[in-house]
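Encoded as structure tokens, the structure appears first; notes follow it.
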Amino acid sequence: MSAPVIIGVPSKGRLMENAHAFFRRAGMSLVQPRGGRDYRGTIPEIEGVEVAYLSAAEIAANLAQGTIHLGVTGEDLVRETIPDAESRVLLVEGLGFGHANVVVAVPQAWIDVRTMRDLDDVANAFHAKRGKRMRVASKYVNLTRGFFMRHGIVDYRIVESLGATEGAPATGAAEMIVDITTTGSTLAANGLKVIDDGVILRSQANLVASLAASWSADERAAARALLDRVAAERSAHTMREVRSRFKAADAEIVAEAKGRFGAEAPLGDPTSSGMLTLLCPPQRVHELAIFLREEGAETVMVASPEYVFARENPLYEALISRLGS
């Protein structure tokens, strides 16, 4: 029996709940046979898949090592914990939850510091006056170094944060911070502000594939079955199913509907059945309905498809392209 495809899923909290909801929307159920405390699970709808419940940070680390094939984790953790992430993992799909920004924040009292260039001036002056570098408290050491380097800032040193990073300036542990924020309210409550051009990364939860994992033919087949469902659910959000009944419909009507309104090829032959089914972007539905009625459609019905399975799957194709042969 071949080894299973292992998918890392967050083991607790809102990320876990959202990950379960994401798979459920795509027609897959995550089952923990021995209950909520079981750190292994399955996806009954797909043979050859095993779920590993880990912390979001552990998922990123395991993806880098190739001990899991796919995982749901934040892009901030991927970028922070995996050196040269682009060559070791593939960000398959942003999942629309877990949004947060990694930002540079300074005391609100620094009224003259609004940009990274201002911060560079302050850091240089601080060093010249005190003979030591300004301290930046952060858990994001690698992201901080890379961002400051791109802005040419060198007069600083990082103090690794082990607790609530936003409290570091108030306690005198650091002059400024790099931290993750969603609304900025916690930073403001601690007397901090985000520098105008100080957003290092706009992060969200991603479905991530390991390029270091083993990818046998069976493992690729299981991944394809999973990514087929993900792609079909994603495509469904971009389409509306438009059905119309004609006394007579011809190829010219279909061609014009496709050309003018971005509709996709019909299902069935309208010339023989009188029924025409098109897939159309939501924002063009009303215009398409007007056109079809003007062309003689007796009725036009619109529905939201649950899944749209296409011949080509860009998510799987991107993975195979990165894996090579």
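In my numbering, the protein residues as written are 5 to 329. Backbone N, C-alpha and C define an ideal beta-carbon position, used for all residues, glycine too. As the structure is a computational prediction, the values presented were derived from the model and not from experiment.
Three-state secondary structure (DSSP) at residue i?
i    : result
P87  : coil
K16  : coil
A141 : strand
F250 : strand
Y311 : coil
V126 : helix
V163 : strand
V96  : strand
V53  : strand
G330 : Beyond the ends of the chain as shown, which are 5 and 329, falls residue 330; an answer cannot be given.
R38  : coil
L211 : strand
T119 : coil
V306 : strand
A104 : strand
E21  : helix
V158 : coil
A301 : strand
Can you list, in chain order, the residues of its chain whose CB lies under 8 Å from that of residue i, leaving out five sequence neighbours each side?
i    : result
I4   : With the chain represented from 5 up to 329, any question about residue 4 goes unanswered, as that position is not in the structure.
A240 : S308, P309, E310, Y311, V312
D33  : It is Ser, not Asp, that sits at residue 33 in the sequence shown. Here the set comprises F27, I47, P48, E49.
K251 : G278, G300, E302
G52  : S6, P8, V9, D222, E223, A225, A226
R228 : N317, Y320
Going by DSSP, what residue range makes up the alpha helix (DSSP H) through residue i?
i    : result
E298 : 289-298
M32  : Looking at the DSSP string, M32 is not in any alpha helix (DSSP H), and its letter there is neither H nor E.
S239 : 221-241
A113 : No alpha helix (DSSP H) holds A113; DSSP gives it neither H nor E.
G344 : With the chain running from 5 to 329 in the structure shown, residue 344 is simply not present.
L323 : 318-327
T187 : From DSSP, T187 is part of no alpha helix (DSSP H); its letter is neither H nor E.
T175 : 172-175
Excluding the 5 residues preceding and the 5 following residue i in the sequence, name in chain order all residues of the same chain whose CB lies nearer than 7 Å to its CB.
i    : result
I89  : The amino acid at residue 89 is misidentified as Ile; the sequence shows Ala. Closer than 7 Å at Cβ, skipping near neighbours: V82, R83.
E179 : M138, R139, P173
S248 : L280, L296, A301, T303, V304
A255 : none
L319 : V96, E97, L231, V234, A235
A65  : T85
Could you give the residue range of the beta strand (DSSP E) that holds residue i?
i    : result
G202 : 196-207
T77  : 74-78
L280 : 279-284
I63  : No beta strand (DSSP E) holds I63; the alpha helix (DSSP H) holding it covers 60-69.
Once you ignore the five residues that flank residue i on each side, which residues in its own chain have a CB closer than 6 Å to its CB?
i    : result
A30  : R233, V234, E237
E299 : I257
H155 : M120
F151 : I204
A61  : L81
V108 : V182, I199, G202
Assuming residue i and residue j make a contact with CB atoms under 8 Å, what is their CB distance in whole Å?
i    : j    : result
P111 : P173 : 6 Å
G266 : P285 : 5 Å
L283 : E268 : 4 Å
L74  : A213 : 5 Å
G102 : L58  : So it is not a contact: roughly 15 Å between Cβ atoms.
L191 : E170 : 6 Å
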